[in-house]
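See structure below.
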Amino acid sequence: MAVLNKIRQRSLFLILIIALALFSFVLTDLFRNSDALFGGSQDVVATVNGNNISRLEFMNRVENMQRQSPGMSSTQTMNRVYDQEVRRAVMNTQFEELGLSVEQEQMKDLLKQNFASYPEFQNEAGLFDESKLTEFVANLKSLNGERAPLGTFQLNYSDWVNNENSIAVGAKETAYFNMVKAGINATLNEAEVDYLLENSTRDLKYVQIPYTTIADSLVEVTKGDIKSYINDNKKKFKVDASRDIVYVEFKEAASLEDEENLMNSFDRLQNGKLEFNATTNDTLRVTPFAQVQEDDLENYVNYIAESDENYNDAFVKKSALPATVADTVYNLNVGDVYGPYKDNGMMKLTKMVAQKTLPDSAKVRHILIPFLGSNRAAPEVTLTEAEAKSLADSVAAVVRVTPSKFPDFVTSLSSDQGSVDKGGVYDYHPSTQMVKPFSDFEFQNEVGEIGVVKTQFGFHVIEILGQKGSSKAVKVATISKPIEASTETIDNVFTDASKFEIALQEGDFQAVSKERDLDVKPVNGIKVLDENIPGLGAQRPIVRWAFEDGTKVGDYKRFSVPGGGYAVVQLVKATKEGLMDPENASVSALTAIRKEKKAEMIRTKVSGTTIDEVAKNQGQSARTAAAVNMKNPTLSGSGLEPKVVGVAFSLNEGETSGLINGNKGVFMVTVTKIEESSKLDNYQAIANRMSTERSAQSQTKVYNALKETADIEDNRATFY
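Be aware that the sequence shown starts at 2, since it is given in the working numbering, and climbs by one per residue.
Here it is as structure tokens:
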């Protein structure tokens, strides 16, 4: 009790002590991450020429692009936005230096160019109305961040501002690169040189002593040689930071027992020996599959087995059946059941419902009348579904009486732009080309039949113009269930992965894997912003872990993988940014070093001063090459040899060179004939061609050069 009284008496003192301790803890963490306090890299995705790319703005742009391109992964989207932002920053540096800007009147013209075709900004005459654009932007601003539709997109005021900025940047880029292009035209002197390089020729006699005449085993290459070669060719061997890993995967795949249990459930389904909870469909659900009548099949297939494959009440040709069982299923008798069988990760049971003979291909013409809400309906479509149906019925009634009016209705009414220019005609095609209602009509009716068919695109007025061939078509019902791992199997996979991790605490990764007969898969050269791991798919968590400061070579960790299961990953090598180490560089460096050393060895044993003497001395044949030019420095029989051809063009007729180290051997060459091209009266045509080629390449080359010389600090790996 006395102790408690003393604590109460000193409660204020204790509170102060605790507060100071907490404050000290917070300060320690902040100073450890001091960038957060002073606006450092934690809020900056990248810095380009001293200008920061804000993390918040960057993430907003990534979010917008993901919304517009849902098929792209988050990393792909991030990289694309990063490239755009870096380009914008690099180019802005140039714009500022040159004083390039987009003024208000020019911006109005640019907006008109970009949005004149949008119905939202057009008046009753279909012309661009600036007041409608102004009203739209003002409305966006008043929505306080909420989104509004524009064309096929949804955007808010911030998106609009970014869009305007992008348009302005595009205009400045156009002006910038137009100025660049204006200064890169080829001169007449350059055109003359190009002409002479291509048309002045030399006939040569030469001897080649191939590097292959000396075995690689006779050439000693030391680590010192490789290091020297790397230092002499630093640009060639510069590498980014990378990681090498190995991993073992534990997949949550269905076991043989799981497959057998699923197959047994299909056996019971065939025999009608099923036990279900009480439902209104008990009688239907225990009916053996083979005894189900055709008018009950859709309900049976879609409900009884909770099938992953809905009943398709259509006749199909053999090619539409699963390839692995097509022959067997196609030849079933009506009422027969085949299965269970495996197909594409599913267990299936198939019944032959009906058979008939149908055409192999059909030719039709049609008029498509869309309605509000139908797929791909243009913005100007205003007909309701009932109105579109009524119009289609009226058109069908007219063309049944007067078929010659069909093309006129195609031109005036049909929204299928792919067939309008052809009078609405689709030439002979198989039943699988069109959507089901359309296909059913054209293949299950007679030539000359005209009818109205509804699809997701609207109402079609269809006339069957022709049919070719005939063969058996079948209607089948298939109950399909995925072959999946059971709960017991999933638990066993988790247990196996956990035991493997425990064993690694005292054992070598490779040895432990071998003991358990597990396949160890290596992945080398992973970069800090990579997303995919071969064999595992999208795995940014693994990449981030491999590059974390606390991850050391030899460390391992377990990760969940797409599709279910785990991967136990070990880091086996960490390569820093800089020059490639000799071990990795040796693959490409060895060939070049050996070539240099072989050239020296060949030179020491060559004797003679003429082509024939050297050829005889080295056991080689003298060769000839006719009409060799500098623009394509190729020797017949030896391939591309620019250094050899360059030396040849420096010689007089009849003169012989010394030994030349070429791409594929050591050469000696004699010029036997010189053919100088005659000069042209005018080189303007060649200059124009060269200017066009340069202009086409200028934008990419100039930007790449600007980017290469820019000061760029990339912090993406901190956030992604």
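Where a beta carbon is used, it is the ideal one built from N, C-alpha and C, also for glycine.
Predicted model, so just to flag it, every value in this text is computed and none were measured.
For this session: Return the CA-CA distance between alanine 37 and phenylalanine 154, expressed in angstroms with no decimal places.
Result: Residue placement at alanine 37 cannot be trusted, given a pLDDT of 39 that sits under 50; what the coordinates show is reported in the next sentence. Each residue's alpha carbon lies about 36 Å from the other.
Exercise. What three-state label does DSSP hand glycine 655 in the structure shown?
Worked result: coil
Exercise. Ordered along the chain, which non-local residues of its own chain (more than five positions away) have a Cβ less than 6 Å from that of valine 426?
Worked result: Arg366
Exercise. Does the separation of the CB atoms of glycine 666 and tyrosine 212 fall below 8 Å?
Worked result: yes
For this session: Could you check the C-alpha separation between aspartate 241 and lysine 577 for me, to the nearest Å?
Result: 7 Å
For this session: Kindly indicate which residue of Thr403, Lys318 and Glu388 has the alpha-carbon position closest to the one of glutamine 361.
Result: Per the sequence shown, residue 361 should be read as aspartate rather than glutamine. The residue with the shortest Cα to Cα distance from aspartate 361 is Lys318.
For this session: Take every Cβ of the stretch 654 to 671, pair it with every Cβ of the stretch 154 to 172, and state whether three or more of those distances are shorter than 8 Å.
Result: no
Problem set entry | For glycine 419, the first and last residue of its enclosing alpha helix (DSSP H) | 418 to 421
Exercise. Is glycine 171 helix, strand or coil when you go by DSSP?
Worked result: helix
For this session: Answer with buried or exposed for threonine 671, where buried requires no fewer than 16 other C-beta atoms within 10 angstroms of its C-beta.
Result: buried
For this session: In angstroms with no decimal places, state the Cα-to-Cα distance between aspartate 226 and proline 535.
Result: 35 Å
Exercise. At what residues does the alpha helix (DSSP H) containing glutamate 97 begin and finish?
Worked result: 75 to 99
For this session: State buried or exposed for valine 509, treating a residue as buried only when at least 16 other CB atoms are found within 10 Å of its CB.
Result: A quick correction: the sequence has aspartate, not valine, at residue 509. By the neighbour-count rule (16 or more Cβ atoms within 10 Å), aspartate 509 is not buried but exposed.
Problem set entry | Pair within 8 Å by beta-carbon distance, glutamine 85 and threonine 78 | no
Problem set entry | Contiguous alpha helix (DSSP H) assignments of at least 4 residues, all confined to the stretch 130 to 203 | 131 to 143, 158 to 183 and 189 to 200
Exercise. By Cβ distance below 7 Å, which residues in the same chain neighbour isoleucine 18 in space, the five residues on each side in sequence not counted?
Worked result: Any reading at isoleucine 18 needs caution, since the residue's pLDDT is 45, under 50, leaving its predicted position unreliable; the model's value is listed next. Excluding sequence neighbours, isoleucine 18 sits near nothing in its chain.
Exercise. What's the C-alpha gap between glycine 336 and aspartate 328?
Worked result: 17 Å
Exercise. With 16 other CB atoms within 10 Å as the buried threshold, where does glutamate 258 fall?
Worked result: exposed
For this session: Can you tell me which of Ser70, Thr94, Gln69 and Ser75 puts its alpha carbon nearest to the alpha carbon of asparagine 53?
Result: Thr94
For this session: Verify whether the separation of the beta carbon atoms of arginine 269 and leucine 572 is less than 8 Å.
Result: no
Problem set entry | Unbroken alpha helix (DSSP H) run spanning lysine 606, endpoints | 583 to 606
For this session: Would you tell me roughly how many angstroms separate the C-alpha atoms of tyrosine 342 and glycine 640, rounded to the nearest one?
Result: 58 Å
Exercise. Taking just the CA atoms, how far does alanine 255 sit from tyrosine 248?
Worked result: 21 Å
Exercise. What's the gap between the Cα of asparagine 790 and the Cα of glutamate 261?
Worked result: The shown model of the chain, from 2 to 721, leaves out residue 790, and the question about it has no answer.
Problem set entry | Per DSSP, cross-strand counterpart(s) of alanine 539 | Asn533
For this session: Whole angstroms is fine: what's the gap from asparagine 705's alpha carbon to valine 82's?
Result: 17 Å
Problem set entry | Cβ separation of proline 438 and threonine 456, assumed to be a contact under 8 Å, to the nearest whole Å | 5 Å
Exercise. To the nearest whole angstrom, what separates the beta carbons of methionine 347 and serine 481, a pair I think is in contact under 8 Å?
Worked result: 5 Å
Exercise. Does the distance from the CB of phenylalanine 460 to the CB of alanine 389 come in under 8 Å?
Worked result: yes
Exercise. Is it buried or exposed for arginine 62, if we count other Cβ within 10 angstroms and need 16 for buried?
Worked result: buried
For this session: Give the C-beta separation of valine 338 and leucine 350 to the nearest angstrom, bearing in mind that I take them to be a contact with Cβ-Cβ under 8 Å.
Result: 6 Å
For this session: Sort Pro483, Lys476, Arg624 and Ser472 by Cα distance to threonine 673 and report the nearest one.
Result: Arg624
Exercise. In three-state terms, what does DSSP make of leucine 128?
Worked result: coil
Exercise. Should lysine 599 go down as buried or exposed, given a rule of 16 or more other Cβ atoms within 10 Å for buried?
Worked result: buried
Problem set entry | Complete runs of the alpha helix (DSSP H) confined to the stretch 219 to 246 [at least 4 residues] | 224 to 233
Exercise. Taking one C-beta from the stretch 389 to 402 and one from the stretch 415 to 424 each time, how about it: are there three or more such pairs within less than 8 Å?
Worked result: no
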